[in-house]
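Read the structure below first, then the notes.
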Amino acid sequence: MAFTLAAFHDASAHSALTAIPPVADPHLRSEGNNLFVPPWNLLFGVFGGGDNLSELRLDSPSMRKLANLRVAPVCDEALPLTRASQDVNEGGTATYTIVSRDVDPNPFFHNYTKAPRELDVSEALNALCINGGDVDEWVLVWLGDGIEDVPDGVQFTVECTVSVSGVAGQWVNGALTFEQTLPAGRYSIIGMRAQASNAVAARLLFQDLAHRPGVLVVTDDGYPDIKDFRMGGFGAFGEFEHTTPPSIDILANASATVDMEVNLDLVQVRAGAGR
54 MAFTLAAFHD ASAHSALTAI PPVADPHLRS EGNNLFVPPW NLLFGVFGGG DNLSELRLDS
114 PSMRKLANLR VAPVCDEALP LTRASQDVNE GGTATYTIVS RDVDPNPFFH NYTKAPRELD
174 VSEALNALCI NGGDVDEWVL VWLGDGIEDV PDGVQFTVEC TVSVSGVAGQ WVNGALTFEQ
234 TLPAGRYSII GMRAQASNAV AARLLFQDLA HRPGVLVVTD DGYPDIKDFR MGGFGAFGEF
294 EHTTPPSIDI LANASATVDM EVNLDLVQVR AGAGR
């Protein structure tokens, strides 16, 4: 059982619901505005975000047998999320602006794992948006075939870093550098936090697994992440030997260097080198 992360992106104004293209992806097939549903065909979750994004729908032939999915609420802030400005009013007139709050992504992440929509394998899935200008809009879609049980054991978190030459609107892979050496053994990743100032999403690429589980990126230590993706909330992401850790795909919002800090929640499922 596994889940994977796919993305759609566009930077055009849409005053009516308009399909936007999937991000080119080495492990998923797409053409035009169509993302073809992989064998992980249960819709586990959706997040829509972007400056002036006002409406989001998911559409596929199998969904239309009942009803296409309107995703609400959506986050009408640019990604990655930063502190939102708030006007301070006196007598009904905005007098000055303060930076007052972090934008919490949790209300905008729609978790369907308890009752996922089943899609038809190989059918076309579309994301349709309305926004208010020529600005970036992002749709993240989590697809899976089941939630993997979290193994027994002590749950702990390790810190990692990665630096890649980001390309706007494209997945770029990089190697994780662990801040401390893991003891010899096999580990299950049961959660993840990724933070950078110029990236939208990040996902793991295991050496022996086809799926690429991932999360929304947040800006720095002061920002909340999606709680469902920490400490087993979304099940196990995958396992690795201490000698062959996963690499990471990064979806950047600009063509610039992305310096990312990553926290991985782990359980050691076997101590010592494998036989």
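Using this note's numbering, you'd call the opening residue of the sequence shown number 54 and step up by one each time.
We put the CB at the ideal spot given by N, CA and C, even for glycine.
Item: Give the straight-line distance between the Cα atoms of LEU196 and LEU95, rounded to the nearest whole angstrom.; Value: 5 Å
Item: Quick check on SER216: does DSSP put it in helix, strand or coil?; Value: strand
Item: Which value, in whole angstroms, describes the spacing of the CA atoms of PHE282 and ALA120?; Value: 28 Å
Item: Just verifying my parser: in three-state terms, what is the DSSP assignment at ARG256?; Value: strand
Item: The ligand FMN and MET313: does the residue's C-beta get closer than 7 Å to at least one heavy atom of that ligand?; Value: Within the structure as shown, the ligand FMN is missing, as the structure has no ligands at all.
Item: What span of residues does the alpha helix (DSSP H) with SER115 cover, start to end?; Value: 114-117
Item: Under a Cβ-count criterion, where at least 16 other Cβ atoms within 10 Å of its own Cβ denotes burial, should ALA263 be classed as buried or exposed?; Value: exposed
Item: Might you give, ordered along the chain, the residues of its own chain that have their beta carbon closer than 7 Å to the beta carbon of ASN105, omitting 5 neighbours on each side?; Value: ASP129, ASN184, GLY185, GLY186 and VAL188
Item: Exposed or buried, SER369, counting other C-beta atoms within 10 Å across all chains shown (16 or more means buried)?; Value: Residue 369 is absent from the structure shown; the chain starts at 54 and stops at 328.
Item: From the DSSP output, read off the bridge partner residues of GLU292.; Value: SER241
Item: Among LEU132, LEU111, PRO133 and ASN251, which residue has its Cα nearest to the Cα of ARG123?; Value: LEU111
Item: In angstroms, rounded to a whole number, what distance separates the CA positions of VAL76 and ALA60?; Value: 6 Å
Item: Let me know if PRO91 comes out buried or exposed under the rule of 16 or more other beta-carbons within 10 Å of its beta-carbon.; Value: buried
Item: My understanding is that SER308 touches VAL220, with C-beta atoms under 8 Å, so please give their C-beta distance in whole angstroms.; Value: 5 Å
Item: Between the alpha carbons of ASP21 and SER250, how many angstroms are there, rounded?; Value: Outside the displayed span of the chain (54 to 328) sits residue 21, for which this structure offers no information.
Item: Can you find the residues in the same chain that come closer than 6 Å, C-beta to C-beta, to TRP224, ignoring five residues on each side of it along the sequence?; Value: ASP302 and LEU304
Item: Can you say whether VAL320 is buried or exposed, counting buried as having 16 or more other CB atoms within 10 angstroms of its CB?; Value: buried
Item: State whether the region 158-176 contacts the region 269-279, with contact taken as three or more CB pairs (one from each stretch) at a distance under 8 Å.; Value: yes
Item: Closest by CA to VAL99, which one among ALA326, TRP191 and MET313?; Value: TRP191
Item: Comparing alpha-carbon positions, which option in VAL271, ILE242, LEU193 and SER113 lies nearest LEU317?; Value: ILE242
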